[in-house]
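Chains as they are written, first to last, in the numbering used here: chain B, 1 to 348; chain W, 1001 to 1348; chain V, 2001 to 2348.
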Amino acid sequence: MKTNPGRFFEDYRLGETIRHATPRTVTTGDVALYTALYGPRFAVQSSDAFAKSIGYPQSPLDDLLTFHVVFGKTVPDISLNALANLGYAEGGFRRPVYPGETLSTVSEVIGLKESSNRQTGVVYVRSTGSDANGETVLSYCRWVLVKKRDPEAKITQEHVPTFAKVVSPADLATALPTLATGSYDFDLAGSPHRFADYVVGEKIDHVDGMTVEEAEHQIATRLFQNTAKVHFDAFATKDTRFGRRLIYGGHVISLARALSFNGLANAFAIAGINAGRHVAPLFAGDTVYAWSEVLETAELPGRSDVGLLRLRTVATKNQPCGAHPDKQGDGYDPSVILDLDYWAFMPR
Amino acid sequence: MKTNPGRFFEDYRLGETIRHATPRTVTTGDVALYTALYGPRFAVQSSDAFAKSIGYPQSPLDDLLTFHVVFGKTVPDISLNALANLGYAEGGFRRPVYPGETLSTVSEVIGLKESSNRQTGVVYVRSTGSDANGETVLSYCRWVLVKKRDPEAKITQEHVPTFAKVVSPADLATALPTLATGSYDFDLAGSPHRFADYVVGEKIDHVDGMTVEEAEHQIATRLFQNTAKVHFDAFATKDTRFGRRLIYGGHVISLARALSFNGLANAFAIAGINAGRHVAPLFAGDTVYAWSEVLETAELPGRSDVGLLRLRTVATKNQPCGAHPDKQGDGYDPSVILDLDYWAFMPR
Amino acid sequence: MKTNPGRFFEDYRLGETIRHATPRTVTTGDVALYTALYGPRFAVQSSDAFAKSIGYPQSPLDDLLTFHVVFGKTVPDISLNALANLGYAEGGFRRPVYPGETLSTVSEVIGLKESSNRQTGVVYVRSTGSDANGETVLSYCRWVLVKKRDPEAKITQEHVPTFAKVVSPADLATALPTLATGSYDFDLAGSPHRFADYVVGEKIDHVDGMTVEEAEHQIATRLFQNTAKVHFDAFATKDTRFGRRLIYGGHVISLARALSFNGLANAFAIAGINAGRHVAPLFAGDTVYAWSEVLETAELPGRSDVGLLRLRTVATKNQPCGAHPDKQGDGYDPSVILDLDYWAFMPR
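Below, the structure is given as structure tokens:
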């Protein structure tokens, strides 16, 4: 058989390393598309001149563009037969990525847990994105619910990994060059608010809403070379539970992040991803809103240029976020679709 | 409050200068998207080889791409609470812009006029787009109808600026390098018609129509980092007068300009914008057509390579332009959506 | 008349050469859009590092991007008044094309045949795409059914050219640099299957489906500066036989080729096009599937690095291809929309 049927749960081995296909050179073409699809306005990623003024050689890629490219490569091997993308943990951006660099991804199988009904199992992987020299640029864990080919297949290896609840700030400093003192222009960046202006517990409604069209999420998801068929095939998905195409969860993350500019304009780089959950699916025609909560603030050892904000950004569909829709009972307010906990750099 | 609520009419001061956020490095990625969104076919902007052959160092950006990027930055400060974009005047392109350059925008408040009902007021600004060295690349005036936060707020400063009806050709020569004599290839440019072939009063139906999809105008408007929520939020706009998303007026300008290639193929660069008015809104699903009238021709002092055509391009929706739908009584034919008066260069 | 009404059948002369307008510099922006619109995953075109490792100076353009750009230029002169795009033959890619190169197109009229009803005629052209130095990068023949302006017009010149049924492999070797021995990484390329693993008669279902949106095919078709109005004008096309916009046939070719990665991951470059037929139209909302058959295998004189597979890729709409829907009686299974016969390189 020459086509890739995707792996089923019993095809994974604990400790196994999978080199994913299709290395990808990222370019200013990808950057333009990312801007056009999500509308980010962070000055560092938008302007080479701004980036240079604070110490970068040029504008780096939006961190989530790097994330999606690294993630996309894992799909044919990890999630082609996945029923759900359950969570993320221990994500760390090691250094900025620039147009012209080539990214590729390797995943290690770090956990396997069969479901009690024996129809499915959870596969835990650590995926590592590297540049053309093999240097890591991004590493993160995710776990997905994968079908078994044969429910009767006996699973001999099981292991549920434990993840750090929060990535240690000390591990995140390399993601950002040291900023040239006093060079960050808060007018051009779009907000006067800096690290010290944010306090733990503060909640920010990002106000704006963004309606998603089928063409938009398909264009984005193909850009990331993510091949999961549920995103693209209206003919096949009309017979599924949802009756239609499902939007790539990463699309929601990027929309929420771009919306968060309104309130977090100086949180221009993501340092790490502590936890993430796609609470509910998004469909074309829905409008995405977001709000954020400051969970924690941290100084970086030896650095007086920036601090870290631990943020929780919650995205909703068809529900503005003035009232901060959130967890509710055992679950969530029905409008919530994403709950993402991450570290972002902010100038001091 | 960390989010930007936008300014209301009483927040502006006459003479005030506003440095807008988010400088933007424009790239060949933006150029590709501009081509894909509007379909322009002007040889100078399409081919580096063609551009070099006539004296450019490489292909410049489409002038309207520059315009939209410069314009987009003003939205969070000028038109977030605007009810209508009333007009443009005194627009001048100072020099070609090339991929790799960084653009930023500053606006000066040059006029303020409260409406008689005291609910709103008109804000007049001169917006100036500059490169990374602060050199002006584009300057134009526009005026918008902005809500008052408090209708009772007393307005002490009022001034209604007067604008030149037509930008003087003498002020526009820098927008174009001197073309190498005899080097312009009319076959490759797509039309044999040059400056002397156009006569004042001539009307040209541009024939073709272009239907606009929601995904298209959203992708374009985000590319320009224009954040006006009416363009993106189907959930909120369903309760507005129009009941749906409104397409960015600049989208219509770019569509009309791209359509005008069929009849004006050698009018490859816009020199100035004399006046412009968005006569009626455009919505997704509508089809845009355009026609143009030659209002005036002008020679450029000291230059025998090119002349200037003063053109009026009228765009319609769902109405082909063979009959040149135009002003009618006190208003316009109901199909008209744009009336734009501008100067364009054409080889002699 | 300053606008281009398009040529009618009686306007063509046998042997005539037409230099098409709008040379086009292709960039990494176009490459990003091509990836986002079709989702190709061939490693050579995706990664500069991979391309360099096997002997290219950098990633070449997807061959079909080159094809569409070269093709698009011919539309205003060849197919503006065409009723149908009847076929392709004798297509050959002469060398890889890289971002930064400028392409232009010339067509020679090689055949003319009036229809028996005298309302239309078939125009046969050989179109040649060249770089800025005039060196050929692609040449192919196509024939289209074109309206007559005046059915009574007398046609004096008629000639029906004969085409090679299959392009000779010996003519195709220049399309690919000699690959560095042992350098091709089959893991990164996404499949272990190489030239010798494919046998004549083998049929491969490419499994995945891709639903097409109006915004997507319009964005693609404008990117290629293809101006055929049937693709863009919903207002005018509502009164046509189909009642709606028709998707550019080349869009189907690119979708089918991108889908074919799943089963043909190492067939990374197209060498020649033997024959092609758009069997039925595609409309927005339809889902495209594809399958391929190996028609022939060929070694290349003097080259041990790669062989040639002659493939026939069949695309369908709204019909998965597990059963290989194919010719049926005098026609085709009603789901079939494309039948393309081409040569592709594959590492040995």
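Beta carbons: idealized from backbone N, C-alpha and C, even for Gly.
Taken atom to atom, the span from the alpha-carbon of B/Leu311 to that of B/Trp343 is near 6 angstroms. Annotation note: the segment 2025-2098 of chain V contains the following uninterrupted alpha helix (DSSP H) runs of length 4 or greater, listed N- to C-terminal: 2028-2038, 2043-2046, 2048-2054, 2063-2072, 2075-2078. In the displayed model, B/His217 falls within a helix according to three-state DSSP. For a Cβ distance threshold of 9 angstroms, residue set Thr25 of chain B lies close to V/Ser2059, ordered along the chain. The alpha-carbon separation between V/Ser2115 and V/Ala2153 amounts to approximately 12 angstroms. Close to V/Thr2211, with beta-carbon spacing below 8 angstroms, are these residues of chain B in chain order: Glu214, Gln218, Phe232, Asp233, Ala234, Phe235, Arg245. Taking a contact to require three or more Cβ pairs closer than 8 angstroms, the segment 2063-2073 of chain V and the segment 2253-2264 of chain V qualify as touching. Neighbours of W/Gly1129 across chain B, judged by C-beta separation under 8 angstroms, do not exist; the nearest C-beta is about 13 angstroms away. V/Ser2254 sits in a helix when the DSSP states are folded into three classes.
Along the length of the segment 2246-2332 of chain V, whole beta strand (DSSP E) runs at least 3 residues long occupy 2269-2278, 2287-2300, 2303-2317, reported in chain order. Here DSSP, grouped into helix, strand and coil, assigns W/Asp1171 to helix. If you check each beta-carbon in the segment 1028-1042 of chain W against every beta-carbon of chain B, the ones closer than 8 angstroms belong to Thr1028, Gly1029, Asp1030, Ala1032, Leu1033. In this chain, the alpha helix (DSSP H) harbouring W/Ala1189 covers 1186-1189. Between the segment 313-320 of chain B and the segment 1040-1050 of chain W there are fewer than three C-beta pairs closer than 8 angstroms, too few to call the two in contact.
B/His278 is the residue among B/Phe261, B/His278, B/Glu299, B/Thr297 whose C-alpha sits nearest the C-alpha of B/Ser335.
In the DSSP assignment, V/Tyr2140 forms a beta bridge with V/Ser2127.
A direct Cα-to-Cα measurement between W/Val1167 and V/Val2075 gives close to 37 angstroms. Contact between the segment 2112-2127 of chain V and the segment 2007-2015 of chain V is established, with three or more Cβ pairs separated by less than 8 angstroms. In this structure, DSSP gives B/Arg222 a helical state, which the three-state scheme calls helix. Here V/Asp2197 carries a helix assignment [DSSP, helix/strand/coil]. Here V/Arg2241 is exposed, its C-beta having fewer than 16 other C-beta atoms within 10 Å. Counting along the chain, W/Ala1234 sits inside the alpha helix (DSSP H) bounded by residues 1234-1237. Here B/Asp150 carries a coil assignment [DSSP, helix/strand/coil]. Near chain W, meaning a CB-to-CB distance below 8 angstroms, the residues of the segment 248-271 of chain B are Asn262, Gly263, Leu264, Ala265. Shown here, B/Asp208 sits in coil according to DSSP, grouped into three states, outside any helix or strand. Residue pairing by DSSP places W/Gly1111 opposite W/Tyr1124 in a beta bridge. Residues of the same chain with a CB within less than 8 angstroms of the CB of B/Thr28, apart from the 5 flanking positions on each side, are Pro99 in chain order. For B/His159, the secondary structure class from DSSP, reduced to helix, strand or coil, is strand.
Here the segment 279-291 of chain B makes no contact with the segment 1028-1040 of chain W; the two share fewer than three CB pairs at distances below 8 angstroms.
Proximity of W/Leu1223 to chain B, defined by a Cβ-Cβ separation below 7 angstroms, is satisfied.
Contact with chain V is found for B/Asn4, since one of that chain's Cβ atoms lies less than 7 angstroms from the residue's Cβ.
Annotated as distal: B/Leu300 and B/Pro151, with beta-carbon spacing of 7 angstroms or more. In the three-state reduction of the DSSP assignment, V/Phe2009 falls in the helix class.
Close to chain B, meaning a Cβ-Cβ distance shorter than 8 angstroms, are the following residues of the segment 1104-1127 of chain W: Ser1104. Excluding the 5 residues flanking it on each side, V/Asp2062 has same chain C-beta neighbours closer than 7 angstroms at Tyr2034, Pro2040, Gln2045, in chain order.
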